[in-house]
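Accompanying notes for the structure given below.
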Amino acid sequence: MWIVHRFTGSSGVHCSDMERINDQLVSWASILEEETRQQAITSAELDFIYPHIALMPDAHLGYGATVGSVIPTLGAVMPAAVGVDIGCGMIAVQTQFTFNDLPKDLKTLREQIERAIPVSAGQYNRKILPTAKPRIDELETMALEIDFDPDAFDKNWRVQLGTLGGGNHFIEVCLDDHDNVWTFLHSGSRGIGNKIATHHIAIAKRLRRAAGDTMPHEDLAWFEEGTPEFDQYVDHLHWAQHFALLNREEMMDRVNEQLGRWAGESVRDIQRINSHHNFTEKEEHFGKEVWVTRKGAIRARKGDLASIPGSMGAASYIVEGKGNPDALDSAPHGAGRQYSRRAARRAFTQDDLRKAMVGIEYRDTHKFIDEIPQAYKPIDRVMADSTELVAIRHTLRQIVNVKGD
863 MWIVHRFTGS SGVHCSDMER INDQLVSWAS ILEEETRQQA ITSAELDFIY
913 PHIALMPDAH LGYGATVGSV IPTLGAVMPA AVGVDIGCGM IAVQTQFTFN
963 DLPKDLKTLR EQIERAIPVS AGQYNRKILP TAKPRIDELE TMALEIDFDP
1013 DAFDKNWRVQ LGTLGGGNHF IEVCLDDHDN VWTFLHSGSR GIGNKIATHH
1063 IAIAKRLRRA AGDTMPHEDL AWFEEGTPEF DQYVDHLHWA QHFALLNREE
1113 MMDRVNEQLG RWAGESVRDI QRINSHHNFT EKEEHFGKEV WVTRKGAIRA
1163 RKGDLASIPG SMGAASYIVE GKGNPDALDS APHGAGRQYS RRAARRAFTQ
1213 DDLRKAMVGI EYRDTHKFID EIPQAYKPID RVMADSTELV AIRHTLRQIV
1263 NVKGD
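For the sequence shown, the numbering used here gives the first residue as 863, with consecutive numbering after it.
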């Protein structure tokens, strides 16, 4: 069952003002599945939530905690709320090119990008490239400073830097409202981040069971601030978040190298925006210092620039934060799923996907059916619901899409 609420506006796209569900939960989602709503209510009842959980317009059911939620906590952090793709996020670069500067053979560009960047789960670099070496050195130095051995979690982490992954991760070449060319990609901390997260989630669950704590869901297990387990998790978390940020930087440099070769001129960054949407940081809200976990949400302080991608084949947005205090300076991270992957495969066909991708160069395969735009909430609805949270600076439309299986 879907709950549709608090519509305003009259232009054919409904939008949502903030709804206060209770003292501990507020929402900007005009479409909210009842199961998602109940999941968020359950999370908001935890004693250490302060001042409230904020549901973003793209909120949907997650493991333990709701995807598209902002979770502020006093003296505690829930590792499963951050999730297993620590630091997942977006990077966008506005280039000097316009559409008229580009050759017409977009397939060649797509194939060049696919050769330059390993895509799909489990696909890594065969060797460490010169561009990756200083970034790996930076991560090794950071690990030494916090007495952390990432090799103990995944010996392949160095060759994972500069790889995309699968699922909803993507690389795109886009045009904005003025036909300026942007490069745009979505990825996170890859296998190393997953293994770090899985390790600490298991420890948190074990600690809560040993303490006899009552949890509404095991995936809401937490670490208490001031304990060695908390400190170690936060150190490892911040390392993985930085890995994710550098992973996106490395891939973006390779994408732009291929774009420059194809266009016959090196890419110049007009602007570059790199931001997480699965992460935890300490911030001050409503007079107290809290740990803010954004699980599928971007930080949108006043003036912050960030990216909100639509689904495969839909529009994406470069936005500027409004610093909404009730939203804890946050905004949505994308369209948000309406269909599970299995349900999407039952509901849609490869022909449906082809129709949705008309005019976009992509790899035509049945493996992407579960990423069809119809499997996600309409991005125009999400953006209409976000008017109190962000201002749109650029609307992007894809001309090239690269994904992994």
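Using N, Cα and C, we set each Cβ at its ideal position, and we do this for glycine too.
| Asked | Found |
| --- | --- |
| The stretch 1029 to 1036 / the stretch 1066 to 1077 touching (three or more Cβ pairs under 8 Å) | no |
| Rounded distance between the beta-carbons of A994 and G1024, thought under 8 Å | 5 Å |
| Residue from E907, A954 and T1060 whose Cα sits closest to the Cα of R1255 | A954 |
| Residues bridged to R1199 (per DSSP) | Y1238 |
| Own chain, CB closer than 6 Å to Q1120, minus 5 neighbours either side, in chain order | Q974, I975 and A978 |
| Cβ-Cβ distance between R1156 and H1139 below 8 Å | yes |
| Given 8 Å, three or more beta-carbon pairs between the stretch 932 to 943 and the stretch 1086 to 1105 | yes |
| For K1144, the first and last residue of its enclosing alpha helix (DSSP H) | Note, K1144: premise wrong, no alpha helix (DSSP H); beta strand (DSSP E) at N1140 to H1147. |
| Integer Cβ distance of H1195 from A1159, believed to fall under 8 Å | 6 Å |
| Residues that DSSP places opposite A1286 in a beta bridge | The requested residue 1286 does not occur in the structure, where the chain is confined to residues 863 to 1267. |
| Whole-angstrom distance between Q1200 and Q1236, CA atom to CA atom | 8 Å |
| Proximity of F1085 and G949 at Cβ, strictly below 8 Å | no |
| Coil, strand or helix - M918 by DSSP | strand |
| Close beta carbons around A1177, own chain, < 7 Å, minus the five adjacent residues each side | I1241, T1257, L1258 and R1259 |
| Contact under 8 Å by Cβ, K1184 with E1250 | yes |
| Whole-number beta carbon distance between T957 and I1132, since they are thought to touch under 8 Å | 7 Å |
| Spatial neighbours of G1198 in its chain, beta-carbon cut-off 6 Å, leaving aside the 5 residues before and after | D920, H922, G930 and K1239 |
| Classification of I998 by the beta-carbon crowding that lies within 10 angstroms, buried from 16 upward | buried |
| Per-residue DSSP class, three states only, for P1078 | coil |
| Separation of L1190 from L1026, as counted between CA atoms | 30 Å |
| For A978, the three-state DSSP class (helix, strand or coil) | helix |
| Coarse secondary structure for R1255, derived from DSSP in three states | strand |
| Cα-Cα separation between I915 and E896, rounded to whole angstroms | 17 Å |
| Length of the line joining the Cα atoms of G830 and V1043 | The structure shown does not extend to residue 830, since the chain is modelled only from 863 to 1267, so the question has no answer here. |
| Local conformation of Y1179 per DSSP, three classes | strand |
| G871 versus W890: straight-line alpha-carbon distance, rounded | Low confidence applies here, because G871 scores a pLDDT of 34, under 50, leaving its location unreliable; read the following figure in that light. One C-alpha to the other measures close to 14 Å. |
| Which listed residue (F1032, I1063, A1083 and F1015) has its alpha carbon closest to that of F1230 | F1032 |
| Three-state secondary structure assigned by DSSP to H1040 | coil |
| Whole-angstrom distance between N884 and S905, CA atom to CA atom | 12 Å |
| For A1193: DSSP bridge partner residues | I1160 |
| Contiguous alpha helix (DSSP H) assignments of at least 4 residues, all confined to the stretch 882 to 920 | 896 to 906 |
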